[in-house]
Every structure is written in C-alpha cells, then in structure tokens.
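Student:
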Amino acid sequence: MDLNTVWSVLVAVLIIGFFLLEGFDYGVGILLPFLGKDDTDRRVIINTIGPFWDGNEVWLVTAGGAIFAAFPEWYATMFSGFYLALLVMLVALIVRGVAFEFRSKDRRPEWRSLWDWMIFVGSFVPALLWGVAFANLIRGVPINAGMQYVGSFGDLLNPYSLAGGLATLSAFTLHGAVFLSLKTRGEIEERAHKAAMRIWLPAVILVFLFVIAGYFATDMFTKLGVNPGPVPLGAGAALLAAGWFIRQRRSGWAFVMTGLTIVLSAATVAIGLYPRVMVSSLNPAWSLTIYNASSSPYTLRILAIVALVLVPIVLLYQGWSYWVFRKRIGREDSLEY
Amino acid sequence: MDALTLARLQFAATTVYHFFFVPLTLGLSLLVALMETMYVRTGDDVYKQMTKFWGKLFLINFAMGVVTGLVQEFQFGMNWSEYSRFVGDIFGVPLAIEALLAFFLESTFLGIWVFGWTVLPKGLHLLAIWLVAIGSTMSAFWILVANSWMQHPVAYVLRNGRAEMTDFWALITNPYVWVQFPHVLFAGMATGAFFVLGISAYHLRKSGNGHEVFRRSFNWAVVYALVASVMVALMGHSQAQFLSDTQPMKLAAAEALWETEQPASLSLLTIGTLSGREEVFSIRLPAAMSLLTCDNLTCEVQGIHNLQAEYEQAYGPGYYVPPIPLTYWSFRGMLTAGVVMVLLSLFALYLVLRRKVEKVRWFLYLLPWAMVLPYLANSTGWMMAEVGRQPWIVFGVMLTEAGVSVVVSAGAVLLSLAVFTLLYGALIVADVYLLAKYARKGPTEDEKVLAPAAVH
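Protein chains in written order, with this note's numbering: chain A, 1 to 337; chain B, 1001 to 1456.
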C-alpha cells in the first residue's frame, strides 16, 4: 500500500468513527423534544451522551485537520466550495455545543426550552447536511481544471444529495433511539424503544432509496459491479438485523447493528470514491484524487507515523470512558447536565 | 468592501473572540488540577469545594472555547483556501497533531472528570483533570507551532508551487516557537490568576459563604499571578529581541521608529497621521530602544523607511509596512496592561504577607475590575503579532492578499461575518451571564442548585 492509500484509509477511519459516534449524539439530540416529557426526562436524555459528545466531536475536528494536512487541495476545494453549507453547519454545531453546557445552569423554563431547541436544531441540521455533503462528493460537483469549485450553493441541493441527507438523518436518529434504549431505564427506555420501532421502517426505506438512487446518479455501482461485494451488502443486512433485534428488545445487539450499518455504508461510499476524494461533474479528469490532492511523501510519512501511534491510544482511552459510564441512567440519578 | 478585507475582518473578529476563552482554559485547568491535588493529598474538604467551584466556571468557559475553535479550523479552508493549498503540507501538520494528541485527550478526560466524581476512585479522577490540563497545554503548543511558522517560516522548500515540509524536527524546534509558546502559556496562567483573584476579592469583601474557599484561592492566585505576569513580561522581552532579527519591520512598526537610529530611542508617546505614514509628534527616551533590543546602549535599530527600501529590493516593488497606528497602539495596550498586572500582583502579595488583604477594602473593590487586564493584554498582544506581520500571511513567503479564496464572493463572506457577529454577540451575553451568576453564588449554594431535587 502506498502512503496516499494509507492516508485515504486513515481519513476514512476518522470520518467513519465520527459518524459512528457522533451519529448517536445527533440522534439523541433530535429525539430530545419528543422523548422528554418534562425537565428531568430531558436531563436524563442529555446526560446519556454527557460524558461523550465532546470527545466524539473531536473525530470531526481530527478528520478536518487530517484532510488539511494530508490532502490540502481537497480541504481547500471542499471548504471554499461548500461555503454556505458549512456556514450553516458551523452555526448548528456552535449552538449545540454551548447548549449542552448552558441548558441546566439556569432554572427558568424559557431558558431551558430555548437551549433544548438549540440542541434539537443543532443535531438535526448536521445529521441532514453530512449526508448532503458526502452524497455530493460522490455524485460530483462542478470542479474546474484548476481544482476550484465553480458551482453555487444551489448545485449542492439536488435529489440525490437530498436523498443522502435523509438517509443519514434517519439512520442517525435510529442509531440515537437505540442508544437511548440501551442507556436509560424505566419510562424513558420504554419510549426510546417505541421510537426505535417506529423509526426503523422509514430509515430502511430512506437508506435503500438512497442506495437505489446511487445506481442512477453515480458511477459507484458500475465501479463496484452488479454484485457490489460484502461491504454494502453487509450494511443492508445489518440494517435489517437491527430491526429484528429492536423487536426482540435486545438493545445491545440492535446498537451493534445500527453501528455496523453506519460504518459499512460510509465505507461503501469511501470504496466507491476511491481513489477519488471529490468527483468533478465537468470532466472526470478534473476530479480530486488521493494523489493529485495530497501532501508530499515526507509529510504523509510523518503524519502516518503520528497517526498510527496515536489513534490506537485514543481508541483505548475513549473505549475506557464508555466502560466507566456504562450504567443506565434514570430519573432518580444525580444529573450533571 | 472586497472579499479580502471582509475575510480579514472575520478572521480578526473570530480569532480575538476565540482567544477570550483559550487563555482562561489554559490557566484555570492547571489551577483546578492543583486544587484537586491538594484535596486528594490532604482530604481537606475546602480544597474539594475550591476544585468544584472553579471547575464549574472552567466548564462554562471551556464550552465557548471548543465551539469557537471549530470556526477557526473551518475558516482556513473556507476563506483562505489558496493559503491552505499553498501551506497545507507544512501548516496542516501541527493542526492535525493538535487534534490527535491534544483535543482528544482534553475532551475525553474532561467528560470523565465532570461525570466521574462519584464513579471513579479519587486518584483516577485527579488524573483526569491533569490530563485535561496537559491536553490544553499541548494544544497551545501545536497551534503555536503553526502560527510560529507563519511568523518565522523554517523547515520548508518551495516545490510544486507550494511550501513543502523538509524537516519535522526543525518545524517544532523553530526558535520562534520557544519564545512564543512560553509567552502565551504564562499569559494564560496570568489570565487564570486574575480571574481567581477578582472573584475571590469580590467574595472576601462580601464575606458570605465559602469564606475559607476564597481566602485560600486568593492566596494561591496571588503567587500564581506574580510568577505568571513577571514571566510573561520576560518572555515577551525575549520575543521582541527575537523579532529584531527576524521581523524587524514589526518591531519598528510597534515602536513607530521611522528612521534607523544608533543608538535608538524608545517612543513613549507618538502621534502619527491617520494613514500612519508620517509622524506628527513624539516623546522619546534616548537610547532606551537600543537597550531593550540588544542589551546595550549603542546598537543600531532599523527604521521603517530603511526596511521598506530593503524589502523592495528583496521582494520586488510593494508596500511592506504594516498598519502603524494599530501595531503601535496594540503593543502599548499590551505593555500597559502587563505592567499594571505586575504591580497589582506585587501589592497583593504584600497584603497577603502582612495579613491585611481583607482590611484594604478599596483593593478588594478594584480587583474584580482588574480581571479585564489579561483579556486586554491577550487581545492586543495578538493584534500586534498578526497585524504587525502584514502585508504577509507567511512572512517573506506569501502575501495575505494571495491567500484568500478565489471562488468565495464578497457577499458570501459578508453574510458569514454578519452571522458570526450576531451569534457571537448573543453567546457572549449568555456566557457572561452564567459566569457572573455562578461566580457570585459561591461554592455551597452552587451545589444546592445543581442537586436534581432542587431543580425539577
């Protein structure tokens, strides 16, 4: 494997890790106003992700930093090209982040309900937009010979990318509902379970619609062949299995399955893109690839050493933090947030 | 206004704002870790109350630092994509390492610390806050490696139309890093110290609940404040001397030194024309500038006119003088605030040693207002560092105007600037409201409010 491929795998791992972890954070945020009947309920719901959400978001920050360092042309083209979409994303992530910290620090109901809505909006918008963004990477956007995005904000909104947005939105919401049913007790657990039951079918439909749309809107499946191989098939199977486990009330397994769905779906997109990172809709030769968008071999080598040492350590201590806070949370617990 | 001006305005505004929160995170994380260390070692409940009280304020501040940091990372690509293409190979590296090494550590263990009071054994819980403090410090180091490279580019070669890294070790041993990083770190400690001093003084004056908490916090913070504000000045001095070799134009601009002088005089007060291109009036201290720059009374210090001529020869026709009034006055803002901080901490130490803190009422009234000083020094310090580097984005290598995104319209940047201004404006109100509320409350009441039974 050459260094560029090593780095494309590392970036894929960071982005997939981000979707897997922040995916249920978004889901929990989206479900907050629907599953929390009173303030204590809502605090329980927020506290399930309390110790984790910030660490989970660092997967995004690290993916961004890694793309900047390893594939500067990709970073520059994508961030300047998707300007307004990213502006919206930033606003959402900002209000969401402070809302977790601020909402319980004042007793007034108006204060709390304001920040609860911020958590909802700040989770809903990114959950939708990440799907839109990644669908556009693979569908192709107008990129010229000089690696500059020459489209408009409107070009990012097309049926395929919107289908991608709905797919991530529904998958993350399902992932969040299963996570809540795994991490709470009593009535909230019951409500979360019911929500998972209700969301599962729409999620299946939206995700499969997105996959079918992929056959028409992208070259992903012509590349992968009629039988796309174990990764996308595994994603589909995991999503179906998640439904079965939810019905059986085996929330641990259901969570593994929604997690697998997200990981394998994102991996499918990564495999479909490879070796490209952004497809040009104007001319296939103008697409950004892991070769023409990358840093120098020296930089990639230094970064690879750093990442291969540090990522396992991060996985270890983040894994430990999930172990420390493995208990289910209920209304009678003392709540930090 | 064009996209370039707007992008610069946005960068200035969002960075200054982001740096309201970062220094306090740096300084306070270390103080809180020390407080908890004392609690674990002695079992004294006052230390636990100190840890929890200052920890709560730390968290409110930390959240703002995190979310405004997101903007910083995205902004390079959004507004400065040509810069990013040109420098990503070298500038992106410390950013990626910062995230991998520091951000993960900081955020994961902060989560563990906040939620782990009753779950973890004391020792592990203490370890968590230390890892937060270490993470914050490492994050400062790596981002300053990146900034130092813009100030004093090393370890690169111009190849394939961009700057490529040639030596990772040389990047992190860039001498500029080692004058800038300690300066910023001590500035953070001073910010934390004055924050604790101000709030403790408020409570000592009121003598309400938690008196012992604030008496001890005050004594700690006095020592911390004195050490930090003296060290920040000394490191600033080394940095200025380093500038005289590497960015003499910035130093000349900060001192409004138009003509080369030997020995060079120090400006005490200079008024220039509005454009900043000519001097109208100046009071100067003879030879003092030579003394500060090279430790003797006789050396030559280069003036702006000379340097401009020199740079035109080296880099071609152009105007290489940064905005003088802003550089000059921001430098003076930083110096003034710094000097006052040293004096205040000396006086506070004197009061502590004489056991007279609570008797000198006017001083207790004054200290909460002094909390603003480190913020002033931090902001003006960065203004001087960044504005004084203009017109370069990477000194001597890339002009700022060449770094701006080519596909982003002025309208889009204006919209984004407006959105961030409004959002940041609203958030600072909420943030200050919460900080003031919890700062006033004191330690015991704080616990009551957060107990779940009291909230419902």
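In this text, a Cβ means the ideal position worked out from N, Cα and C, and glycines have one as well.
As the structure is a prediction and not an experimental result, all values here were calculated from the model.
Ignore the nearest five residues each way along the sequence and tell me which others in E1447 of chain B's own chain have a CB closer than 8 Å to its CB.
Tutor: Residue placement at E1447 of chain B is poorly supported in this model, since its pLDDT is 47, which falls under 50; the coordinates are not used for a value here.
Student: Name, please, each residue of chain B whose Cβ falls closer than 9 Å to the Cβ of F18 of chain A.
Tutor: Per Cβ cutoff of 9 Å: no residues; F18 of chain A is ~12 Å from chain B at best.
Student: Can you look up Y1156 of chain B in the DSSP assignment and give me helix, strand or coil?
Tutor: strand
Student: What residue does the alpha helix (DSSP H) around M1165 of chain B start on, and which one ends it?
Tutor: Element bounds for M1165 of chain B: not the alpha helix (DSSP H) but the beta strand (DSSP E), R1162 to M1165.
Student: In the DSSP assignment, find the unbroken beta strand (DSSP E) run with F1091 of chain B in it and report its ends.
Tutor: Taken as a continuous stretch (DSSP letters only), F1091 of chain B belongs to no beta strand (DSSP E), being part of the alpha helix (DSSP H) at S1081 to I1097.
Student: Would you please state the rounded distance, in angstroms, between the beta carbons of V277 of chain A and F71 of chain A? I believe it to be under 8 Å.
Tutor: 6 Å
Student: Distance, Cα to Cα, F1104 of chain B vs H1152 of chain B?
Tutor: F1104 of chain B and H1152 of chain B: Cα-Cα distance of roughly 28 Å.
Student: Which residue marks the beginning of the alpha helix (DSSP H) containing S1139 of chain B, and which one marks its end?
Tutor: Start and end: K1122 to Q1151.
Student: For E1073 of chain B, which three-state DSSP category applies?
Tutor: E1073 of chain B falls in the helix class under three-state DSSP.
Student: Relative to the C-alpha of E101 of chain A, which candidate in A:F79, A:P51 and A:P142 has its C-alpha closest?
Tutor: A:P51
Student: Let's see if you can read the secondary structure: which residues bound the alpha helix (DSSP H) around I205 of chain A?
Tutor: G186 to A217
Student: Quick check: L1373 of chain B and A1337 of chain B, are their CB atoms within less than 8 Å of each other?
Tutor: yes
Student: Round the Cβ separation of I262 of chain A and A254 of chain A to the nearest angstrom and send it over; I've been treating them as touching at under 8 Å.
Tutor: In fact, because the Cβ distance is near 13 Å, the residues do not count as touching under 8 Å.
Student: Can you find a CB in chain B that lies within less than 8 Å of the CB of L288 of chain A?
Tutor: no
Student: Would a check of beta-carbon distances place G55 of chain A closer than 8 Å to chain B?
Tutor: At least one CB atom of chain B sits nearer than 8 Å to the CB of G55 of chain A.
Student: Quick check on G97 of chain A - is its C-beta less than 8 Å from some C-beta in chain B?
Tutor: yes
Student: How big is the Cα-Cα spacing for Y322 of chain A and E1106 of chain B?
Tutor: 16 Å
Student: Can you find a C-beta in chain B that's less than 8 Å from the C-beta of I302 of chain A?
Tutor: yes
Student: Compute the distance between the beta-carbons of F1091 of chain B and M1064 of chain B, then report whether it is under 8 Å.
Tutor: no
Student: Hey, does F1020 of chain B have any beta-carbon neighbour from chain A nearer than 8 Å?
Tutor: no
Student: Please report the distance separating the alpha-carbon of S1148 of chain B from that of V211 of chain A.
Tutor: 47 Å
Student: Taking Cβ to Cβ, would you say S1229 of chain B is nearer than 8 Å to A1190 of chain B?
Tutor: yes
Student: Determine the direct distance from the alpha carbon of V1046 of chain B to that of I133 of chain A, and round the result to whole angstroms.
Tutor: With the sequence shown as reference, residue 133 of chain A is identified as Ala, and Ile is not the correct amino acid for it. Spanning the two alpha carbons is a distance of roughly 51 Å.
Student: If you draw a straight line from the C-alpha of A1225 of chain B to the C-alpha of V1280 of chain B, how long is it?
Tutor: A1225 of chain B and V1280 of chain B have their alpha carbons spaced roughly 38 Å apart.
Student: Kindly give me the distance between the Cβ atoms of L21 of chain A and W59 of chain A, rounded to whole angstroms, as I take these residues to be in contact under 8 Å.
Tutor: The beta-carbon separation of L21 of chain A and W59 of chain A, rounded to 6 Å, stays under the 8 Å limit for a contact.
Student: Counting only the same chain and skipping the five closest in sequence on each side, list residues whose C-beta sits under 6 Å from that of Y1202 of chain B.
Tutor: P1368
Student: Show which residues of chain A have a CB atom less than 9 Å away from the CB atom of R1008 of chain B.
Tutor: Residues of chain A passing the Cβ test: none, with the nearest at roughly 16 Å.
Student: Using only CA atoms, which one of A:L201, A:A177 and A:W200 lies nearest to E190 of chain A?
Tutor: A:A177
Student: Quick one: Cα of K327 of chain A to Cα of E187 of chain A, how far?
Tutor: Each residue's Cα considered, the two are about 16 Å apart.
Student: Quick check: what's the CA-CA separation for S1217 of chain B versus L315 of chain A?
Tutor: Computed Cα separation, rounded: 37 Å.
Student: Using a Cβ distance threshold of 8 Å, determine whether the region 1084–1103 of chain B contacts the region 299–317 of chain A, with at least three qualifying pairs required.
Tutor: yes
Student: Name the chain E residues that come within less than 7 Å of L87 of chain A, Cβ to Cβ?
Tutor: The structure shown contains no chain E; its protein chains are A and B.
Student: Going by the DSSP bridge assignment, what does V1280 of chain B pair with across the sheet?
Tutor: DSSP output for V1280 of chain B lists no bridge partner at all.
Student: Alpha carbon to alpha carbon, how far is G1188 of chain B from V1145 of chain B?
Tutor: 17 Å
Student: Quick one, are the C-beta atoms of W1382 of chain B and F1019 of chain B less than 8 Å apart?
Tutor: yes
Student: Check whether the Cβ atoms of F1194 of chain B and A1370 of chain B lie closer than 8 Å to each other.
Tutor: The answer is yes: Cβ separation under 8 Å.
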